[in-house]
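> In the numbering used here, the protein residues as written are 18 to 576.
Pasting a structure here, questions to come.
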């Protein structure tokens, strides 16, 4: 039974199954920190899948790309947009640049940072100061200069609470990636120094998430009005936006990098998978994020290009370790053994995901070959529940989004998971929330006084600190990070301190140990690693499915 409450949350009980590290700093002679090359590019392309659109040569140009996003609305286009990571993928990464950006040119290797608005950087011997040599001649879309003053203004906007232009919402949303920064200063017009709170060799990874807006535009329109007039240095410029309908972008013909090949980019919010499928088939759009999984073969037969690839992204249930019985490790392990991941990945999702037997996916540098893996073993799950004192199981509540950024097909997936858990005695009541409301409700953590056992928030693990510090450090409880369940393991904290100054030889073993401990402790239900499904029309060319959440639209054109 489905009922609506005044908060817009739907509560119901579902009963049936519906179905690595631095390659980028090679751009100059800058000093690299200890461990800078640990986690080099690793070929882990999804076997037997199409990871590029039909290129049709490399000199094509033009056309209008119309993207059906999973977002519930048009993302508001500040440097940290609304609509979660979907907003970052299609809006932030197109309108704005950072000092560092991702290398999205390869589909056969994990993505690594490369120079962006900084041409190169140096790291002091004690790893306390990073000096960035800024790219000269770059203009914001309003014609104003990118320089060290603009960089300081941008950092003030997210870090300096004394600044007139400080935004608490932006600063909080990006705090995971800036919490190691102590101070920063302009050295000269094109040199910026960032000073750390402690020795830190991984700042370049974190800065892939920090983007810069035009100081003149922010001062003209204010932090609130700016979202109607966004101005960055990125490959696309803002044209117009109508909430609930679309955002229109055009190429930045003065872009310092590769000028986009498209004539126009239109972003449309379509939170329902069936709507994205229909729009694709009727030609209303020529690019659709995650259409229904059962449609993939049909779409191939109709001539569409079905694109899949590995990337560090998981569909989990983040558990609330502050409520019983999820505070019991045996219970968490039992629930993980109860999940038929192969059935979900291959039968329900049609091969659009891989089983998440560990936090990191098999084939990744940080996967632990000797660590705990969660096979489908209902009998073992029952034994662990009995050992934990729950021979008859228990009741719990999970909150899931109805759709949204990176969440695949959450309703049939939670039904499948719910049935798995019911078979070992765990009775799950499901609350369904609109994605934007869920983000606002659970970004600060689990609301106090509510007996919610877990929340489904898809999670990426693109960089060392993004993967482990953000999610599992005891210092990363909201709003400082994504440790919503208040997981606390002293050894994990120790390893994270070691990782941030590790040598090349030390780095990967440390990351493997982190993955092994987190997997064994099971602060989450590790369900599936999705394969970044998107479908494009046959005349969409130049798409490269990088092993990253982000995608480079500069190379794309439409015949």
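Note that the Cβ used here is the ideal one computed from N, Cα and C, for glycine as well.
Tell me the DSSP bridge mates of residue 137?
What you label residue 137 is simply residue 120 of the chain shown in a count that begins at 1. Partner(s): 150.
> Please list the terminal residues of the continuous alpha helix (DSSP H) segment that includes residue 534.
As a working note, residue 534 is residue 517 in the chain shown. Note, residue 534: alpha helix (DSSP H), 521-538.
> Please classify residue 253: does DSSP put it in a helix, a strand, or coil?
In the chain shown, the residue the question calls residue 253 occupies position 236. Three-state DSSP puts residue 253 in a strand.
> Taking the alpha-carbon of residue 81 as reference, which of 303, 381 and 334 has the nearest alpha-carbon?
The residue given as residue 81 occupies position 64 in the chain shown. Ranking the options by Cα distance to residue 81, first place goes to 303.
> How about residue 441 and residue 462: are their beta carbons less than 8 Å apart?
By 1-based counting over the chain shown, the position of residue 441 is 424. By 1-based counting over the chain shown, the position of residue 462 is 445. Cβ atoms of residue 441 and residue 462: not closer than 8 Å.
> With DSSP as the reference, label residue 212 as helix, strand or coil.
For the purposes of this step, residue 212 is identified with residue 195 of the chain shown, where counting begins at 1. Residue state, collapsed to three classes: strand.
> What residue from 128, 420 and 558 has the CA that sits closest to residue 478's CA?
In the chain shown, the residue the question calls residue 478 occupies position 461. When only C-alpha atoms are compared, the closest one is 128.
> Taking a contact to mean a Cβ-Cβ separation below 8 Å, would you say residue 452 touches residue 424 in this structure?
The count along the chain shown starts at 1 and reaches residue 452 at position 435. The count along the chain shown starts at 1 and reaches residue 424 at position 407. Contact flag set, yes.
> Could you give the residue range of the beta strand (DSSP E) that holds residue 354?
The count along the chain shown starts at 1 and reaches residue 354 at position 337. No beta strand (DSSP E) holds residue 354; the alpha helix (DSSP H) holding it covers 346-354.
> Exposed or buried, what is residue 185 when buried is set at 16 or more other beta-carbons lying within 10 Å of its beta-carbon?
Walking along the chain shown from the start, residue 185 turns up at place 168. Exposed, since its Cβ has fewer than 16 Cβ neighbours within 10 Å.
> Pairs of beta-carbons, one from the region 322-341 and one from the region 103-114, closer than 8 Å: are there three or more?
Result no; under three Cβ-Cβ pairs closer than 8 Å.
> Can you tell me which residues form a DSSP beta bridge with residue 422?
As a position in the chain shown, residue 422 is number 405, starting the count at 1. For residue 422, which the question treats as bridged, DSSP gives no partner whatsoever.
> Could you pull the start and end residues of the alpha helix (DSSP H) that residue 512 belongs to?
Within the chain shown, the letter at position 495 stands for residue 512. Start and end: 507-516.
> Which partner residues does residue 284 have in the DSSP bridge list?
The residue you call residue 284 lines up with position 267 of the chain shown. Residue 284 pairs with 84 and 264.
> Please list, in chain order, all residues of the same chain as residue 114 whose beta carbon is under 6 Å from its beta carbon, the five residues on each side excluded.
Within the chain shown, the letter at position 97 stands for residue 114. Hits under 6 Å: 133, 134, 250 and 251.
> Taking the C-alpha atoms as reference points, what is the distance between residue 421 and residue 323?
As a working mapping, residue 421 is identified with position 404 in the chain shown. As a working mapping, residue 323 is identified with position 306 in the chain shown. Cα to Cα, the separation comes out at about 20 Å.
> Below 8 Å, how does it come out for the region 518-538 and the region 165-173: are there three or more Cβ pairs, yes or no?
The region 518-538 is not in contact with the region 165-173.
> Just reading off the beta strand (DSSP E) that residue 106 is part of, what are its end residues?
Along the chain shown, one-based indexing puts residue 106 at 89. Unbroken run through residue 106: none, as it is neither H nor E.
> Which residue's Cα is closest to the Cα of residue 553: 66, 79 and 84?
Residue numbering aside, residue 553 sits at position 536 when the chain shown is read from its first letter. For the residues 66, 79 and 84, the minimum Cα distance to residue 553 belongs to 84.
> If distances are taken between C-alpha atoms only, which option among 355, 342, 246 and 380 comes closest to residue 406?
Working through the chain shown from its first residue, we reach residue 406 at position 389. The shortest Cα separation from residue 406 among 355, 342, 246 and 380 belongs to 342.
> Apart from the five residues on each side of it in sequence, which residues of its chain come closer than 7 Å, Cβ to Cβ, to residue 512?
Taking the chain shown and counting its residues from 1, the one referred to as residue 512 is at position 495. 527, 530 and 531.
> Go through its chain and collect everything with a Cβ distance to residue 466's Cβ below 6 Å, but skip five positions before and after it.
If you number the chain shown from 1, residue 466 lands on position 449. Counting only Cβ-Cβ distances below 6 Å, and skipping sequence neighbours, we find nothing.
> According to DSSP, residue 546 sits in a beta bridge with which residue or residues?
Sequence index remark: in the chain shown, residue 546 carries index 529 (1-based). Answer is 331 and 371, bridged to residue 546.
> Which value, in whole angstroms, describes the spacing of the CA atoms of residue 543 and residue 485?
Taking the first residue of the chain shown as 1, we reach residue 543 at position 526. Taking the first residue of the chain shown as 1, we reach residue 485 at position 468. Distance between the alpha carbons of residue 543 and residue 485 is about 14 Å.
> Contact between the region 149-156 and the region 207-227: three or more CB pairs below 8 Å?
Touching, per the Cβ criterion.
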